[in-house]
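Novice: Protein chains in written order, with the numbering used here: chain A, 1 to 524; chain B, 525 to 639; chain C, 640 to 1290.
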Amino acid sequence: MEEAQVTLLPAVEILRAMITNLPTLILFTPLIGLILLTFFPPAKEKAIRTFTLLVTLVVAGEVGYMMTLYDYMKGGFQREFGLMIPWFPQIGAYYHVQVDGISLAMVMLTAILFVAAALGSWSIHFRVKEYSILFLLLEMSIIGVFISMDYFLFFIMWELMLVPMYFLIGIWGGPRRIYAAIKFFLFTLAGSIALLFGILLIYWHSGLKPEELTFNSFVLARTTHQLPLSLQVTAFFLFLLGFGVKVPIVPFHTWLPDAHVEAPTPISVILAGLLLKTGGYGFYRFVFPTFPDAVKHLAILIALIGVVSIVYAALVAMAQADLKTLIAMASVSHMGYVLFGLATQTPEGASAGMFVMVSHGFVSGALFLLTGVIYDRAHTRIMSEFGGLGAVMSTYFAFFGLVGMANLALPGLSGFWGEALAYLGAFRNTFYLWNGIYTFRLLAICAAPAIVITAGYTLWMLQRMFMGPLNETWKHLTDMDRREVLSLAIPSFFIVLFGVLPGLLTNIYNSSLSFYFGRLGLFI
Amino acid sequence: MVPTEHYIILALALFGIGAYGFMSRRNLITLLMCMELMVNAVNILLVAFNRNWGLEVTRGAFMQARDVQSPIGQIMVIFSITIAVAEAGIGLGIIILLYRHLKTAEVDEVNWLKW
Amino acid sequence: MVAWLVNHAYLIPVFPFLAFWVIALFSRQLKLYSAWVSIGSVFISLIFSLAILWIKIQPLGIERVFSWSWKFMTIGDKVYPIGIQIDNLTTVMLIVVTLVGSCIQIYSAGYMAGDEGFPRYFGFLSLFTASMLGLVLADNFLLLYICWELVGFTSYILIGFWFRKPSAAKAGKKAFLTTRTGDIGFLLGWLTLFGFTGSFALSDARIFIVNHPDMAFLWTVVALLVFWGAVGKSAQIPLHVWLPDAMEGPTPVSALIHAATMVAAGVYLVARTYFLFASTPQALLVVAYIGAFTGFFAATIGMAMHDIKRVLAYSTISQLGYMMAGLGVGGYAAGVFHLFTHAFFKALLFLGAGSVIHACHTNDMRRMGGLARRMPTTHWTFVFGTFALIGIPPFAGFFSKDEILASAFHYGKEHGHWLIFLLLLAGVFFTSFYMFRALYLTFWSKPRCSHHPHESPQVMTIPLVILAFFSLTLGFLYKAFGEFIFVSYPIPSEEAPNWLVMGLSVGMALLGFYVAYQIYGVGAWDKYLLRKRYPLLERTLRKKYFVDETYETLITNPGLHLSYVAGGFDKWVIDGIVNLMGYLGVGWSFFIGFFDKSIVDGIYNLMAWITGQLASASRRLQTGNVSNYFLTMLASIALILILMKFLFKGG
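#1: Please list, in chain order, all residues of the same chain as M1/A whose beta carbon is under 8 Å from its beta carbon, the five residues on each side excluded.
#2: Drop a sphere of 10 angstroms on the beta-carbon of G993/C, count the other beta-carbons inside from all chains shown, and report buried for 16 or more, exposed for fewer.
#3: Does DSSP put S594/B in a helix, in a strand, or in coil?
#4: Hey, how far is the Cα of A263/A from the Cα of S770/C?
#5: Considering only residues of the segment 350-438 of chain A, which uninterrupted alpha helix (DSSP H) runs meet the minimum length of 4 residues and lie entirely inside it, listed in chain order?
#6: For a cutoff of 8 Å on Cβ pairs, would you count S1266/C as touching chain B?
#7: Take T458/A and list the residues in its own chain whose beta-carbon comes closer than 6 Å to its own, dropping the five residues that flank it on each side.
#8: Look up G468/A in the DSSP assignment and say whether it is helix, strand or coil.
#9: Applying the 10 Å Cβ sphere with the 16-neighbour rule, what's the burial state of V316/A?
#10: For S1255/C, is the classification buried or exposed, using 16 other Cβ atoms within 10 angstroms of its Cβ as the cut-off for buried?
#11: So, under 8 Å CB-CB, G336/A and V307/A are touching, yes? Tell me the CB distance rounded to an integer number of Å.
#12: Which value, in whole angstroms, describes the spacing of the CA atoms of F1287/C and E611/B?
#13: Whole angstroms is fine: what's the gap from N551/B's alpha carbon to I605/B's?
#14: Put N646/C into one of helix, strand or coil per three-state DSSP.
#15: Determine which residues of the segment 1250-1265 of chain C have a Cβ less than 8 Å from any Cβ of chain B, and write them out in chain order.
#16: Applying a beta-carbon distance threshold of less than 7 Å, which residues of chain D neighbour D716/C?
#17: In three-state DSSP terms, what is I85/A?
#18: Between the Cα of D946/C and the Cα atoms of F1034/C, T1020/C, L1080/C, G868/C, which residue gives the shortest distance?
#19: I want to see whether chain C comes within less than 8 Å of V566/B, judged by CB atoms only; does it?
#20: Quick one: complete alpha helix (DSSP H) runs, 4+ long, within the segment 94-149 of chain A?
#21: Give the residues from the segment 1272-1284 of chain C that approach chain B closer than 8 Å (Cβ to any Cβ), ordered along the chain.
#22: My guess is that V1104/C and I745/C are in contact by the Cβ rule of under 8 Å, so how many angstroms apart are they, rounded?
#23: 8 Å is my cut-off, CB to CB: does F243/A come that close to chain C?
#24: Given A807/C, which residues of its chain have a CB within under 8 Å of its CB, disregarding the five upstream and five downstream residues?
#25: Please report the straight-line C-alpha distance between L772/C and Y1050/C, rounded to a whole angstrom.
#26: What residue from W660/C, L1111/C, T912/C, A752/C has the CA that sits closest to L728/C's CA?
#27: Quickly, what does DSSP pair I714/C with across the bridge? List them, please.
#28: Cα-Cα, which of Y151/A, L54/A, S121/A, G92/A is closest to Q98/A?
#29: In chain order, what residues of the same chain have a beta carbon less than 6 Å from the beta carbon of P266/A, not counting five sequence neighbours either side?
#30: Could you give the uninterrupted runs of the beta strand (DSSP E) lying entirely in the segment 23-89 of chain A, keeping only those of 3 residues or more?
#31: Determine the direct distance from the alpha carbon of F126/A to that of L231/A, and round the result to whole angstroms.
#32: Any C-beta of chain C sitting closer than 8 Å to the C-beta of N551/B?
#33: Are the beta-carbon atoms belonging to M559/B and F539/B less than 8 Å from one another?
#34: Using a 10 Å radius around the Cβ and a threshold of 16 neighbouring Cβ atoms, would you call F1285/C buried or exposed?
#35: Does the beta carbon of W636/B come closer than 8 Å to any beta carbon on chain C?
#36: Are any of the Cβ atoms in chain C nearer than 8 Å to that of A535/B?
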């Protein structure tokens, strides 16, 4: 592994390094935008919105530029995309950002979804300035989560995500927003505490000299390997809880429907599209590389959690009447594939998890944007109250059909590849508990009914909303306007692109993934 | 040369007169004058001690040692006088204001700050 | 030119795919021209296919296999290629899809004229064509599965084309879910093979299976899983329920997707993975029995239907059963040949039915009649199709069906299992009966139409004539076809024509005609005889053996209930626990709050009170007299100096 360069530089040099270092620049761009935004007069809503959109576009441009520079064939941590500056050296905390293929895919998703969400934020009319400031703070913290390699910095970013999210749900949310916001905050905070304990556990037991103690995740990954298994397993479970709440895994998922339902549309997009991915990303970046031994022993447990999430959440989704709850439960179901794929410990499975995360980011983001479109017009989300909308909103129907099909994993759209790769991984894994019964294949077979259930609730949703005779109440509804089409065209474009050419996406993270996991002997 | 003890005795006497006056008299202007007496007692002490102990050894331009009479005591005295003057000015101003309000300059009448 | 076309034959599915995107993105601009885009693309594909056929029928060309492969995805350090290949089986399917597809698309331009969803229709038709072509071209399971799902999707969207009709929306959903239930089997089947070979390629799987005859049990399981997928797609018992409902879609769609091509994909899948089935006789037997039962039962249901399209739908199910049975009993060429001919004459029948529906504005045969004179072209082509379907020599169906029956007969002779042959033979009788019943009710009886029907425009009748021509002539190719397919999968078929079987099948067909003639032609026998004599039997037939009802009670409703239970569980139990913890937390915090306020805070308040008391006692010292303060000050300084003198030595 190429370690990130350690710089001990005077302040001016640090500042220079921060500007020339792309990940840092990307991290601080929303912050600068946020500070500039405070000077805007609150009444100029249009200017504020345009500026917010501009900032997200700048971030997207920077990410795009970084993606042109990254060497995908080499993969892994490349020197020019890392920066390590002493921050609180007495306890071994560094400002350490680094981008590899895994981070790059996630940062790309973040940048794109924030542009779409910024476009979707046009429907917010209440306290636009405060909203935009929190929105940009959210973008910064999520990017920070995806590029921090130091546990200290990571944890700060991880907690920082909650703050804007809490306010965004609690102020701009639906009728039960206070309940949802508090539930969300407490739930994830409880998970964070477990995570914090886990981090401190491996920090104090790293076996390093007191002056060498560090929060560097690479170093801690190395030292944790030498710990006794019991300690590793304990820390692993703390991490599992910490990241699992965010993913979320059944039974820690109940914050999600409430938060999704109550959050305003663009924030639901971010919640489902990105916040859940931070949990999945944590498994990729921290859990699996740090606890390979524990993972090998507990892979079946992780896979089981994944399968239960997949099937159970799909069933629950079928029973929902509210469109947003349905999509929220569908998210739980799909995120199960991340854990399931990862638990198979095969290149296919690991790839599946990444693919599901990126693809589901676009799909669920688009679904929530679509929900917002209808909610802005009809002020209800109960599916059975609609009917025959396809007749009056044909563009909307087309987009909903496309994204819905991606949700039920139709080949040719991005949703398919994640699930297909997960099943491939499960069938590649030849681990068995007793003779001839391949555990992971059995689990895959258990997960397979979810394919039909997913198709069932998606089609039923489409049928209840768009098909059949037109409900006279909605005769006056107008089709999507140009801004809404644009905001949906962004995720839809990527859904189709990665669906037709999945190699484009796998190439981004493939080398990093095999380098990262293969080095640890995780692939069997 | 007059011995330093004499200055000390003079200063103590002045201070004692000032302190007694400050405690026993009631007219504010008299109090102010007593304060000046006490301050001047301290000034005399400063100058006297400076003469007694203020000899310093410093290095000249070519690093040769030479004795220098330190001016610190005098400087302090000038500071002190300046401050005393300012104090007297403010004090008299306060007294005049008090007199205008109360038609008196007796210190016993001005006890609003008690308790 | 031909060489260039063949060298770039991988472009075949690309044209319809591009057509789909062009129509999807520019439907508002294209409007009616979208039909031209779609038809043009399928025509280009047809030219490519014909070029391939041309090369194949050259001397020595028959053995040639064209294949292309691309690096598709890199996972870990493994590069997964995805490729297409054109062997003889693929060539046959290409011809079917593009030729029948072209005819049906031209027909559609007339049939769908004036529909507001005209561009949408052609867009999805193009997408279907593209995915169907991809399906037959795939040389690996992955691409096969992708296209397999995509044709299912396009089928869904085209069944629900008139989505404002609730029945159409429901039928589309049912079709998609039912076929997807089958797809799971296919998916798990090929994934198992992938698990062993680590490759998607069919050829690798074939080699692996041939080299591992010891794992025969596993191959049986895998074969049955793959067959389960075929059962779903080809609407075999027990997953046949979606196809009759699928008739809610526009009739040309029924012709293309639910008669000629997509439903035949299941048969094609079995033919394509025949190496898998051939390794296990048990799996083949299952295929044969399922096919034979489907062939028989679907034909019996077909007799009781009043909707002309449903009659044809059950006929399709039944004929697909014949194909499956043909493959199952080892008549590889026979099964594929029947697929080939069936595509033409069943498409013809559907298009004819569409023409009739177009004229009468109803699907119900009881409200048609006497159309023979008013719609002569439709009538004659429909008769051609009927003859081909029931196997009157020399129509195409006669040859193909006869080959299947002969294979089943041969199988019965060698392995027992005569039931297969008997079911298939009985099916011929029912087929003949319901087809002549349909002919009598629609064309030959007294007019019962509410208004005056007239012949369809030429854009619709010309495809009918073309298809009728093929229905008449294709049968004579049976010898050449057998040789052609033999290259693809060398399995010896019945050599000499089996006159006994031939006679039996033609006899059965004529018997069916006779019964239909007696009932509907001259009215000699009572039409309601069955209902009067055996009401239960009649009801069973009319209700399609109650399969839908059974599934509703046994699978759909419990599934839905399970989901409601899960939803309730999630809402009340899991979320309840969370909320309970919340309430407990709040309650505990109220207790703590009380404790805090009364006891902890009490201590602090006490301390503050004591301080206050002390302060008010000591404030008397503030006399407000400057002289007092000064005295105190002097005294204090003196005291401090004295203390310093005594406490600190040398102070």
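By construction, the Cβ of each residue, glycine as well, lies at the ideal position given by its N, Cα and C atoms.
This one's a predicted model, so the numbers in the text were calculated from it and none came from an experiment.
Specialist: Well, looking at it:
#1: Locating residue 1/A in the first sequence gives position 1, where the first residue counts as 1. Unreliable positioning characterises M1/A in this predicted model, as indicated by a pLDDT of 40, which lies under 50. A coordinate reading is not provided.
#2: By 1-based counting over the third sequence, the position of residue 993/C is 354. Buried, because 16 or more other Cβ atoms sit within 10 Å of the Cβ of G993/C.
#3: Taking the second sequence and counting its residues from 1, the one referred to as residue 594/B is at position 70. It is coil, neither helix nor strand.
#4: Against the first sequence, residue 263/A aligns to sequence position 263. Against the third sequence, residue 770/C aligns to sequence position 131. C-alpha separation (whole angstroms): 40 Å.
#5: Counting only runs of 4 or more, we get 394-407, 414-428.
#6: On the third sequence, residue 1266/C is found 627 positions in, with the first residue counted as 1. Interface annotation, S1266/C: in contact with chain B, CB-CB separation under 8 Å.
#7: Your numbering for residue 458/A matches position 458 in the first sequence. Cβ neighbours of T458/A beyond the five flanking positions: G404, N407, L408.
#8: Along the first sequence, one-based indexing puts residue 468/A at 468. Three-state result, G468/A: coil.
#9: For the purposes of this step, residue 316/A is taken as residue 316 along the first sequence, with counting starting at 1. Around the CB of V316/A, 16 or more other CB atoms lie within 10 Å, so the residue is classed as buried.
#10: Here residue 1255/C corresponds to residue number 616 of the third sequence, with the count starting at 1. Around the C-beta of S1255/C, fewer than 16 other C-beta atoms lie within 10 Å, and the residue is accordingly described as exposed.
#11: As a first step, residue 336/A must be located in the first sequence, where it is residue number 336. As a first step, residue 307/A must be located in the first sequence, where it is residue number 307. Taking a contact as a CB-CB distance under 8 Å, the pair G336/A and V307/A counts as one, their CB atoms being some 7 Å apart.
#12: Start at 1 with the first residue of the third sequence, and residue 1287/C comes out as number 648. Start at 1 with the first residue of the second sequence, and residue 611/B comes out as number 87. Near 36 Å, if we compare the C-alpha coordinates of E611/B and F1287/C.
#13: Translated into the one-based positions of the second sequence, residue 551/B becomes position 27. Translated into the one-based positions of the second sequence, residue 605/B becomes position 81. Taking C-alpha positions only, N551/B is separated from I605/B by approximately 23 Å.
#14: Against the third sequence, residue 646/C aligns to sequence position 7. In this structure, DSSP gives N646/C a helical state, which the three-state scheme calls helix.
#15: Answer in chain order: R1258, R1259, Q1261, T1262, G1263, N1264, V1265.
#16: Note that chain D does not occur in the displayed structure, where the protein chains are A, B and C.
#17: For this step, residue 85/A is matched to residue 85 along the first sequence. Strand, per DSSP.
#18: Here the question's residue 946/C lines up with position 307 in the third sequence. Checking every option, the nearest Cα to that of D946/C belongs to L1080/C.
#19: Position 42 of the second sequence, counting from 1, holds the residue named residue 566/B. False, the Cβ-Cβ gap to chain C never drops below 8 Å.
#20: Counting whole runs of 4 or more residues, the segment 94-149 of chain A contains the alpha helix (DSSP H) stretches 101-120, 128-147.
#21: Those would be L1273, in chain order.
#22: Within the third sequence, residue 1104/C is the residue found at index 465, counting from 1. Within the third sequence, residue 745/C is the residue found at index 106, counting from 1. At roughly 11 Å, the Cβ-Cβ gap does not stay under 8 Å, so V1104/C and I745/C are not in contact.
#23: Numbered from its first residue, the first sequence carries residue 243/A at position 243. No, because no Cβ of chain C sits closer than 8 Å to the Cβ of F243/A.
#24: By one-based count along the third sequence, residue 807/C stands at place 168. Apart from sequence neighbours up to five positions away, the residues of its chain that approach A807/C with a beta-carbon distance below 8 Å are I798, G799, F800, W801, E887, G888, ordered along the chain.
#25: Within the third sequence, the letter at position 133 stands for residue 772/C. Within the third sequence, the letter at position 411 stands for residue 1050/C. L772/C and Y1050/C have their C-alpha atoms roughly 33 Å apart.
#26: As a position in the third sequence, residue 728/C is number 89, starting the count at 1. The candidate whose alpha carbon is nearest that of L728/C is T912/C.
#27: Taking the first residue of the third sequence as position 1, residue 714/C is located at position 75. Within the DSSP bridge table, the entry for I714/C names K717/C as partners.
#28: Residue mapping note: residue 98/A aligns to position 98 of the first sequence, counting from 1. Of Y151/A, L54/A, S121/A, G92/A, the residue nearest in Cα terms is Y151/A.
#29: Against the first sequence, residue 266/A aligns to sequence position 266. Counting only Cβ-Cβ distances below 6 Å, and skipping sequence neighbours, we find A117, G120, S121.
#30: Every beta strand (DSSP E) of 3 residues or more that sits fully in the segment 23-89 of chain A is shown, in chain order, as 82-88.
#31: Here the question's residue 231/A lines up with position 231 in the first sequence. Here the question's residue 126/A lines up with position 126 in the first sequence. Take the alpha-carbon of L231/A and the one of F126/A: they are about 50 Å apart.
#32: Along the second sequence, read from residue 1 onward, the residue named residue 551/B stands at position 27. Closer than 8 Å: no.
#33: Here residue 559/B refers to the residue found at position 35 of the second sequence. Here residue 539/B refers to the residue found at position 15 of the second sequence. Not in contact: M559/B and F539/B (Cβ atoms no closer than 8 Å).
#34: Along the third sequence, one-based indexing puts residue 1285/C at 646. It is exposed - the Cβ of F1285/C has fewer than 16 other Cβ atoms within 10 Å.
#35: Mapped onto the second sequence, residue 636/B falls at position 112. At a cut-off of 8 Å, the C-beta of W636/B has a neighbouring C-beta in chain C.
#36: Counted from its first residue, the second sequence places residue 535/B at position 11. By the rule that beta-carbons nearer than 8 Å mark a contact, A535/B does not touch chain C.
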